[in-house]
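Undergrad: Here it is, the structure in full.
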Amino acid sequence: MGATHCSECPPEKRMSRLALQMCCSRCSSFLCLSHMKKHLRENAHEFGNIVGVNLILCRKQNLLLAMSIETGFVYCACCSDFVYNRVLEVMRLGAMNKYRLGLCKLVSWNPTDADIKAWDMMTRIGKHAQLRGLLNMGSTCYMNSVLQALVHTPVLRDYFLSDQHSCQRSPGTCLMCTMHQLMQVISQKKNLVYLI
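Each step along the sequence shown adds one to the number in full-length UniProt numbering, with nothing skipped, and position 193 is 193.
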């Protein structure tokens with residue numbers, strides 16, 4: 001929607017959010033409301049019939065319609081106003097709800113070449129991977145589960161195992177240094193239980 005602009009407006013006015021962007025119901029014209037009024041009258045673009053849908057929109061029945069691309073509201077050039085029809089409103093709300101809930105094709109993900117390359121570079125958990133045991137010392141089960149989640153997060157695991165954390169503080173005063181040590185111990189192949 002942000003890239004669509006009125007083809008009749010001068011370039012300095014095209015980016016204005018004050019001009020309501022409209023789409024003609026009969027052709028692929030995208031114009032601001034003031035230019036759409038002129039377009040509908042000059043071209044006599046009447047609204048076509050939708051099979052099986054009773055659309056009574058205008059008392060004059062000379063349906064020169066356009067739709068707002070931002071809101072989906074229907075504008076009638078004969079009435080010089082936005083018009084309401086229950087069938088169209090139900091269709092508009094249904095489309096808006098599908099879009100918001102992510103149920104429509106508008107939000108489908110089409111990965112770029114860079115996305116595919118990044119996806120291929122991601123490390124996968126082997127089928128024989130197992131969680132390293134952390135022995136609970138009293139009431140530490142919540143801390144245990146948090147540490148397990150952090151240790152098995154690929155981005156954090158890769159960060160700590162590639163020695164990217166460098167600290168000038170004294171040992172035991174930096175939480176990141178402690179996490180680095182934990183990551184080193186847990187990533188070893190030995191079948192040890194780590195005490196917390």
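Even glycine gets a Cβ: it sits at the ideal position worked out from N, Cα and C.
The structure presented is a predicted model; accordingly, all values stated were derived computationally and were not measured.
Using 8 Å as the cut-off, can you tell me whether the segment 141-150 makes contact with the segment 164-178, which would need three or more C-beta pairs spanning the two stretches below that distance?
TA: In short, these stretches do not touch, since the Cβ pair count stays below three.
Undergrad: What are the residues that DSSP puts in a beta bridge with V83?
TA: V74, per the DSSP bridge assignment.
Undergrad: Go ahead and pull the three-state DSSP assignment for A114.
TA: Residue state, collapsed to three classes: helix.
Undergrad: Between V83 and C76, which are expected to be in contact by the criterion C-beta below 8 Å, what is the C-beta distance as a whole number of angstroms?
TA: Sure, about 5 Å apart at Cβ, within 8 Å.
Undergrad: Use the C-beta contact count for C167: other C-beta atoms within 10 angstroms, 16 or more gives buried, fewer gives exposed.
TA: Answer is exposed; the Cβ neighbour count stays below 16.
Undergrad: With a cut-off of 8 Å on the beta carbons, I'd call M22 and I69 a contact; round off their distance for me.
TA: The pair is a contact, with the Cβ atoms about 7 Å apart (cut-off 8 Å).
Undergrad: Please report the Cβ distance between C6 and F30, rounded to the nearest whole angstrom; I am assuming they are in contact, meaning their Cβ atoms lie under 8 Å.
TA: About 7 Å; that satisfies the 8 Å criterion.
Undergrad: When we look at the beta-carbon of P11 and count the other beta-carbons within 10 Å, is it buried (16 or more) or exposed?
TA: So P11 counts as exposed.
Undergrad: Please classify residue 197 as buried or exposed, where buried requires at least 16 neighbouring CB atoms within 10 angstroms.
TA: Here the chain has residues from 1 to 196 only, and residue 197 is not among them.
Undergrad: Taking all protein chains shown into account, decide if S108 is buried (16 or more other Cβ within 10 angstroms of its Cβ) or exposed.
TA: Confidence is the limiting factor: at S108 the pLDDT is only 44, short of 50, which leaves the residue's position unreliable, though a coordinate-based value still follows. Classification of S108: exposed, given that the 10 Å Cβ count is below 16.
Undergrad: Could you give the distance in angstroms between the alpha-carbon of S100 and the alpha-carbon of M91?
TA: In the sequence as presented, Ser is not what sits at residue 100; that position holds Arg. Straight-line Cα distance between these residues: approximately 14 Å.
Undergrad: So what's L65 in DSSP terms, helix, strand or just coil?
TA: Here L65 sits in strand by DSSP.
Undergrad: State the DSSP-derived secondary structure class of Q164, mapped to helix, strand or coil.
TA: Coil, per DSSP.
Undergrad: Nearest-angstrom Cα distance between T71 and R26?
TA: In a straight line, the C-alpha of T71 is about 18 Å away from that of R26.
Undergrad: Would you mind sorting M67 into buried or exposed? The rule is 16 or more other CB atoms within 10 Å of its CB.
TA: It counts as buried.
Undergrad: Spatial neighbours of H165 within its chain, please: CB distance less than 6 Å, with the 5 preceding and 5 following residues excluded, ordered by chain position.
TA: For H165, where only same-chain residues beyond five positions count, the Cβ hits under 6 Å are M176 and H180.
Undergrad: Can you give me the C-alpha to C-alpha distance between M96 and V155, rounded to a whole angstrom?
TA: In a straight line, the C-alpha of M96 is about 35 Å away from that of V155.
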